[in-house]
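Chemist:
Structure, rendered in structure tokens:
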């Protein structure tokens, strides 16, 4: 019965949307976008009737309002002329009175944040402007936590009260406690500070005109220099979840600090990381069953702009799973996601944004029962025209939306969720440039501006009622802080997209690969056609990799195995020759002691497990079998180049006959080595790089479709590779052909973050040789073999000068090895970032030990008593 009730609720909302799709404008004179009110007599009549039917005596003036509306509509239809403007104003005033009498906003003050709009930056996640980072100077202060009483009667403005003033800093991301008497928020006091979490007790959070007042000063819950804490939310068990940079990592396609999900006790003790994706996890909110709904930006072997969908996890970080839209290019991001109360998790509201924009755009109401990837579930958007942008264009298409919206909040009342799915608060442009105001929108087509700050430089953000709300049930912790492993099972690898075309029995093993975080960056970047790598990492991809090992797949397609806990992992299916059949292009984690499972490979995420038992779970979980040695960061120069040195360079070296087809020498160049550049530039390996969002079919890319492997399998002259040598080559390809093992650099100030020569030396070398400094121009291993010298006569003084510059590069590498070479050590800022990462990681380990032992620990301050 409960499931039928959910679908009945969704059906009601859908029917309302369909019935009002063609609502007529209120007046003949069109109003430009950006003005505060939208609607028509038809849309307002629908809202009044719905409010009367929903709230009865709590919305007593419906008959009077409808009579006035009928009168205005008759006069509008009778004719325009000079009276037309006055009639329009009369309609807008009636609309305002009718909608602001909605008990969902009239019964409680509206909490909001007053602040400037964030300055534009690289990505929608770049709003932290953390101290010591690349965009610190973009921070602009001047903010407050405020409340607003919905106006009554003929009043056009309600009373505004300031709860917390932050004149030089920023308050942001509020959340109201379940009893409505506390406000949790992030605050940065000034530019020299960083955002941390605070809690404010409020008195008299009842109906206006009394309004709330702060009961004392905000209580600081978190702290830390060079650490940002944002997006806090109250959890049903009394703890707090939030996003933080306490595991510092940077976006792989640029240089900006990212955040993950964390959890702590209500007093700030026992901070633990509950999200481990390689980029950003933010804007957490609660689902009706007590899980955390959040937006996640991460990409494994895929494009950076198509990978910011909606995810969900338990409050302890267990069971991270896609909720909606992880496989669409437009919108480029789904932010501020909140479940519509009463929908059983079927409906949610979201800000549909862009990759390279502020965290604003359109607002979408989505029904995920229609499908889990856009454009399956979108019911409507604000503005309505934004519906035409869904799944069309690219990851920045929603930047053209006007006016801009953000911070949607679904309104509902009580356990029966009265009014749910029809009325929403949000922030919306007021028409004064980038200023945002508090708007009330509904599914009937009405929009009114409730409040805007008097200063145009200040906007209103994060509006929500300051009152009690339902507390979801508590989900017991599944993680065991004392355990170091998690467990995965796969029900049947032959279930999923295209896997029906794979012959049963073809999959022999499953490889577990870690996609590590980016811990450092350089000013100079390599652009492989898919975005900036700073420093250069691979030909056209951002990721480095770490192979953890392989496990067997049973004849029935099942697998069961252990993995290290709290690592960001993905899986690959391998055949009898250890060649990849299918690969994940996203990641997952197992929390300590957690058991996770999936139906198959790229399966329909709404499908269920079959009814036959798994052969793999009839035994103990498999242990990971290592890849020719202990787990390590994957390094082309160390893993693959020795294979070519043993088997190929006698013919495929500079000056040898085989080099006409491909050079496989290991000579180090400006960014990569010679063989790597040759294999990638000549298309001898088929990999997606940071490719499109689409889900590839099995055998669509990797070693099975690469010309290099096809030549080796056919037989090439007298070359006979050992099983290990062949495995090393195909494994490199199937990992998406990475090159560098780490983002850290020995030459952070030089070209691509990798060259041992600085720009002055490279420019001079180009002038002397008349050759552009491409990745293949120089050999630092054998300077005299450098291709850029080929056209110079050795008697020419320029030859000696050019050779001297290249030899200087060779000497630099001998003294300070590059990241792919033995003896590499990061220097300068990279070494400092690594030290900061290690210190924060040690602190998190200390917290985890305290949690496992049942103790309460404040960060870097010692124990607290229970």
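Numbering (our numbering), first residue to last: 1 to 866. By construction, the Cβ of each residue, glycine as well, lies at the ideal position given by its N, Cα and C atoms.
So, with DSSP's three-state summary, where would you put residue 52?
Modeler: As a working mapping, residue 52 is identified with position 52 in the chain shown. Of the three classes helix, strand and coil, the one that applies to residue 52 here is helix, per DSSP.
Chemist: Beta-carbon within less than 8 Å of residue 671's beta-carbon, same chain only, minus the 5 sequence neighbours each way: which residues are those?
Modeler: Within the chain shown, numbered from 1, the residue matching residue 671 stands at position 671. Taken in chain order, the residues that qualify are 526, 536, 751, 752, 754, 755 and 775.
Chemist: What does DSSP give as the partner residues of residue 358 in its beta bridges?
Modeler: The residue given as residue 358 occupies position 358 in the chain shown. The partner list for residue 358 (beta bridge, DSSP) is empty, contrary to what the question assumes.
Chemist: What number of angstroms, rounded off, separates the C-alpha of residue 297 from the C-alpha of residue 79?
Modeler: Numbered from its first residue, the chain shown carries residue 297 at position 297. Numbered from its first residue, the chain shown carries residue 79 at position 79. Roughly 54 Å separates the two Cα atoms.
Chemist: Name the one or two DSSP bridge partners that residue 595 has.
Modeler: Counted from its first residue, the chain shown places residue 595 at position 595. 487, per the DSSP bridge assignment.
Chemist: Could you have a look at residue 753 and say whether DSSP puts it in helix, strand or coil?
Modeler: Taking the chain shown and counting its residues from 1, one reaches residue 753 at position 753. The answer is helix: DSSP assigns residue 753 an H, G or I state.
Chemist: Using 8 Å as the Cβ pair cut-off and three pairs as the minimum, do the segment 335-343 and the segment 398-416 touch?
Modeler: By the Cβ rule, the segment 335-343 counts as touching the segment 398-416, because three or more pairs are nearer than 8 Å.
Chemist: At which residues does the beta strand (DSSP E) containing residue 378 begin and terminate?
Modeler: Working through the chain shown from its first residue, we reach residue 378 at position 378. Start and end: 378-382.
Chemist: Whole angstroms are fine: how far does the CA of residue 466 sit from the CA of residue 913?
Modeler: In this structure the chain extends from 1 to 866, so residue 913 is not present and cannot be described.
Chemist: Check whether the Cβ atoms of residue 428 and residue 463 sit closer than 7 Å, and answer yes or no.
Modeler: Locating residue 428 in the chain shown gives position 428, counting from the first residue. Locating residue 463 in the chain shown gives position 463, counting from the first residue. Cβ atoms of residue 428 and residue 463: not closer than 7 Å.
Chemist: Are the beta-carbon atoms belonging to residue 72 and residue 85 less than 7 Å from one another?
Modeler: Taking the first residue of the chain shown as 1, we reach residue 72 at position 72. Taking the first residue of the chain shown as 1, we reach residue 85 at position 85. Contact flag unset, no.
Chemist: Could you have a look at residue 130 and say whether DSSP puts it in helix, strand or coil?
Modeler: Taking the first residue of the chain shown as position 1, residue 130 is located at position 130. If DSSP states are grouped into helix, strand and coil, residue 130 belongs with coil.
Chemist: At a cut of 8 Å, does the segment 253-271 reach the segment 548-568 through at least three beta carbon pairs?
Modeler: Inter-segment contact for the segment 253-271 and the segment 548-568 is absent: fewer than three beta-carbon pairs are separated by less than 8 Å.
Chemist: Here's a check: name, in chain order, each residue in its chain whose Cβ is nearer than 7 Å to the Cβ of residue 635, leaving out the five neighbours to either side.
Modeler: Here the question's residue 635 lines up with position 635 in the chain shown. Closer than 7 Å at the Cβ level, and outside the excluded window around residue 635, lie 741 and 820.
Chemist: Taking only three categories from DSSP, how would you classify residue 711?
Modeler: Position 711 of the chain shown, counted from the first residue, corresponds to residue 711. Reduced to three states, the DSSP call for residue 711 is helix.
Chemist: Regarding residue 559 and the ligand HEM, is the C-beta to nearest heavy atom distance less than 6 Å?
Modeler: Among the components modelled here there is no ligand, and therefore nothing to report on the ligand HEM.
Chemist: What are the partner residues of residue 201, as DSSP defines its beta bridges?
Modeler: If you number the chain shown from 1, residue 201 lands on position 201. DSSP, once it has assigned bridges, lists 182 as partnering residue 201.
Chemist: Threshold first: 3 residues or longer. Then list the beta strand (DSSP E) segments lying entirely within the segment 217-248, N to C.
Modeler: 229-234 and 240-244
Chemist: Does the segment 495-502 come close enough to the segment 311-323 to have 3 or more Cβ pairs within less than 8 Å?
Modeler: no
Chemist: Determine the direct distance from the alpha carbon of residue 516 to that of residue 568, and round the result to whole angstroms.
Modeler: Walking along the chain shown from the start, residue 568 turns up at place 568. Walking along the chain shown from the start, residue 516 turns up at place 516. For residue 568 and residue 516, the distance between alpha carbons rounds to 7 Å.
Chemist: Can you check which of these residues, 242, 279, 236 and 260, is closest to residue 251 by C-alpha distance?
Modeler: In the chain shown, counting from the first residue as 1, residue 251 sits at position 251. Of 242, 279, 236 and 260, the residue nearest in Cα terms is 279.
Chemist: Assuming contact is defined by CB atoms lying nearer than 7 Å, are residue 169 and residue 141 in contact in what I supplied?
Modeler: Here residue 169 is taken as the residue at index 169 of the chain shown, counted from 1. Here residue 141 is taken as the residue at index 141 of the chain shown, counted from 1. Contact: yes.
Chemist: Can at least three beta-carbon pairs, one atom from the segment 448-460 and one from the segment 55-63, be found at a separation below 8 Å?
Modeler: no
Chemist: Out of 283, 326 and 556, point me to the one whose CA is closest to residue 186's CA.
Modeler: By one-based count along the chain shown, residue 186 stands at place 186. Of 283, 326 and 556, the residue nearest in Cα terms is 283.
Chemist: Under three-state DSSP, which class holds residue 405?
Modeler: The count along the chain shown starts at 1 and reaches residue 405 at position 405. It is a strand residue.
Chemist: What residue range does the alpha helix (DSSP H) around residue 801 cover?
Modeler: The residue given as residue 801 occupies position 801 in the chain shown. 797-815 is the extent of the alpha helix (DSSP H) around residue 801.
Chemist: Taking the straight line between their C-alpha atoms, what separation do you get for residue 366 and residue 419?
Modeler: Taking the chain shown and counting its residues from 1, one reaches residue 366 at position 366. Taking the chain shown and counting its residues from 1, one reaches residue 419 at position 419. C-alpha separation (whole angstroms): 17 Å.
Chemist: The beta strand (DSSP E) that contains residue 447, what's its start and end?
Modeler: Locating residue 447 in the chain shown gives position 447, where the first residue counts as 1. First-last of the beta strand (DSSP E) with residue 447: 447-451.
Chemist: Do residue 121 and residue 736 have their CB atoms nearer than 7 Å?
Modeler: The residue given as residue 121 occupies position 121 in the chain shown. The residue given as residue 736 occupies position 736 in the chain shown. No; because the gap between Cβ atoms is not below 7 Å, this pair is not in contact.
Chemist: Which one of 668, 233, 631 and 53 has the shortest CA to CA distance from residue 182?
Modeler: Sequence index remark: in the chain shown, residue 182 carries index 182 (1-based). When each option's Cα is compared against that of residue 182, the closest is 233.
Chemist: Alpha carbon to alpha carbon, what distance is there between residue 362 and residue 189?
Modeler: Locating residue 189 in the chain shown gives position 189, where the first residue counts as 1. Locating residue 362 in the chain shown gives position 362, where the first residue counts as 1. So the alpha carbons of these two residues sit roughly 31 Å apart.
Chemist: Run the CB neighbour count on residue 64, radius 10 Å, all protein chains shown included, and call it buried at 16 or more, exposed below.
Modeler: Within the chain shown, the letter at position 64 stands for residue 64. It is exposed - the Cβ of residue 64 has fewer than 16 other Cβ atoms within 10 Å.
Chemist: Any contact between the segment 452-462 and the segment 220-230? By contact I mean 3 or more CB pairs, one from each, below 8 Å.
Modeler: no
Chemist: Taking the alpha helix (DSSP H) that residue 644 belongs to, which residues open and close that run?
Modeler: Position 644 of the chain shown, counted from the first residue, corresponds to residue 644. Here the alpha helix (DSSP H) through residue 644 covers 641-647.
Chemist: Have a look at the DSSP bridge pairing and note the partners of residue 98.
Modeler: Along the chain shown, one-based indexing puts residue 98 at 98. In the DSSP output, where bridge partners are listed per residue, residue 98 has none listed.
Chemist: Taking residue 640 as the reference, give the member of 577, 716 and 724 with the closest Cα.
Modeler: Numbered from 1 along the chain shown, position 640 holds the residue referred to as residue 640. The shortest C-alpha separation from residue 640 is found at 724.
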